[in-house]
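Here's the structure, in structure tokens; my notes come after.
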């Protein structure tokens with residue numbers, strides 16, 4: 069009897085070698101494809117850099133820039149506001165100019181050339197990504213005057229905080245403004261019932277949870293199941309205070325505040341153009357103290373998230389006059405419509 073049941077025929081040495089060579093060939097094909105992709109990418113980068121250099125050379129050799137560069141050696145680019153108080157007044161004045169429909173002065177050539185070598189922003193703005201809230205326009209600022217960090221809901225994560233710390237440590241900006249705004253979509257989403265977000269992408273759920281952790285007062289209000297305007301305003305202001313407080317208490321940021329090198333304040337932008345700054349303590353740092361105890365004679369929606377307001381300006385007011393007012397939720401809403 070020849071052979072046995074269940075035995076397998078081993079591949080020959082030549083077959084084994086062939087399989088190994090095939091695997092090597094496929095691997096090399098993959099590597100070749102990746103190398104071609106990298107070469108194409110490098111070519112695109114090279115062309116972009118060459119185009120930038122060509123344009124920059126032409127710009128730097130123009131007569132006005134050559135003259136400005138000579139002037140800059142004697143008068144380097146200066147920061148407009150060197151203290152938090154000065155920076156805050158600049159922002160208030162800028163918002164007043166914005167309300168008067170003033171256009172920022174044309175970028176002069178000496179400032180352009182100065183920005184080639186340095187930036188000295190007088191304020192850091194933590195703003196929402198909403199296209200209706202451009203900080204440079206709202207505060208009537210030119211290039212290099214604001215360091216802007218924008219995330220939905222004017223939230224801040226580790227990467228955004230790293231950007232802020234760069235501006236504080238290396239650019240020495242003395243003021244941080246957490247800027248909330250009217251009808252914020254991210255905060256609106258945070259006020260929705262859980263079932264409304266079941267099918268939302270994971271990253272959006274993460275954003276919503278982050279905002280919800282700072283607006284618990286608005287989430288827990290009884291009898292306010294719908295997202296009405298008053299509840300939304302309450303939540304937006306509460307969110308601003310939460311972000312400002314979190315920043316002020318962060319171990320990497322707190323030392324700058326204690327050394328009086330930095331102040332953190334909150335603010336609210338209404339679509340009529342007015343920015344209201346929260347009065348959060350003598351040093352300008354977030355304290356989350358109470359403001360506005362009534363709404364049409366009734367208890368306020370939130371006692372912890374409202375704040376005394378410095379009204380920087382209004383469309384008809386003298387922008388040089390600063391008004392302290394106790395702002396209720398209803399009053400604040402009426403100002404923004």
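Residue numbers (my numbering): 69 to 405. By construction, the Cβ of each residue, glycine as well, lies at the ideal position given by its N, Cα and C atoms.
| Check | Outcome |
| --- | --- |
| Measure the beta-carbon distance from residue 282 to residue 310 and round it to whole angstroms, keeping in mind my assumption that it falls under 8 angstroms. | 3 angstroms |
| Apply the 10 Å Cβ neighbour rule to residue 221 and answer buried if 16 or more other Cβ atoms are within range, or exposed otherwise. | buried |
| To the nearest angstrom, how far is the alpha carbon of residue 131 from that of residue 249? | 44 angstroms |
| In whole angstroms, what separates the C-alpha of residue 260 from that of residue 343? | 27 angstroms |
| What's the gap between the Cα of residue 151 and the Cα of residue 330? | 8 angstroms |
| Could you spell out where the alpha helix (DSSP H) holding residue 322 opens and where it closes? | 322-326 |
| Check whether the region 230-240 and the region 196-213 are in contact - that is, three or more C-beta pairs closer than 8 angstroms. | no |
| Using beta-carbon positions only, say whether residue 191 and residue 155 come within less than 7 angstroms of one another. | yes |
| Rounded to whole angstroms, what's the CA-CA distance from residue 216 to residue 97? Just pull it up for me. | 46 angstroms |
| Work out the CA separation of residue 346 and residue 275 for me, nearest whole Å. | 24 angstroms |
| From the DSSP output, in three-state form, read off residue 249 for me. | strand |
| When DSSP labels each residue in this structure, what does residue 270 get in the three-state scheme? | helix |
| Indicate the three-state DSSP secondary structure (helix, strand or coil) for residue 360 in the structure shown. | Unreliable positioning characterises residue 360 in this predicted model, as indicated by a pLDDT of 29, which lies under 50. The coordinate reading is nonetheless provided below. Coil. |
| If you drop the 5 nearest sequence neighbours on each side, which residues of the same chain put their C-beta closer than 7 angstroms to that of residue 262? | none |
| Kindly indicate which three-state DSSP category residue 193 falls into: helix, strand or coil? | strand |
| Taking just the CA atoms, how far does residue 339 sit from residue 165? | 15 angstroms |
| Give the secondary structure of residue 259 by DSSP, where H, G and I count as helix, E and B as strand, and everything else as coil. | coil |
| Residue range of the alpha helix (DSSP H) that residue 287 falls in? | 284-287 |
| Given residue 170, which residues of its chain have a CB within under 7 angstroms of its CB, disregarding the five upstream and five downstream residues? | 208 |
| Taking the straight line between their C-alpha atoms, what separation do you get for residue 109 and residue 115? | 10 angstroms |
| Report the option in 236, 82 and 280 whose CA atom is closest to the CA atom of residue 323. | 236 |
| For residue 267, count the other beta carbons within 10 Å of its own beta carbon; 16 or more makes it buried, fewer makes it exposed. Which is it? | exposed |
| How many angstroms separate the CA atom of residue 103 from the CA atom of residue 95? | 12 angstroms |
| With 7 angstroms set as the bound, which would you pick, yes or no: does the beta-carbon of residue 185 sit closer than that to a beta-carbon of chain E? | Judged by its chain identifiers, the structure shown contains no chain E, having just a single protein chain. |
| I want to check one thing, is the minimum distance from the CB of residue 341 to the heavy atoms of the ligand ATP below 6 angstroms? | Judged by which ligands are present, the structure shown has none, so any question about the ligand ATP falls away. |
| Assuming residue 247 and residue 193 are in contact, meaning their beta carbons sit under 8 angstroms apart, how far apart are those beta carbons, in whole angstroms? | 6 angstroms |
| Looking at residue 335 and residue 306, is the spacing between their C-beta atoms short of 7 angstroms? | no |
| Could you compute how far the alpha carbon of residue 159 sits from the alpha carbon of residue 199? | 20 angstroms |
| Distance, Cα to Cα, residue 129 vs residue 117? | 18 angstroms |
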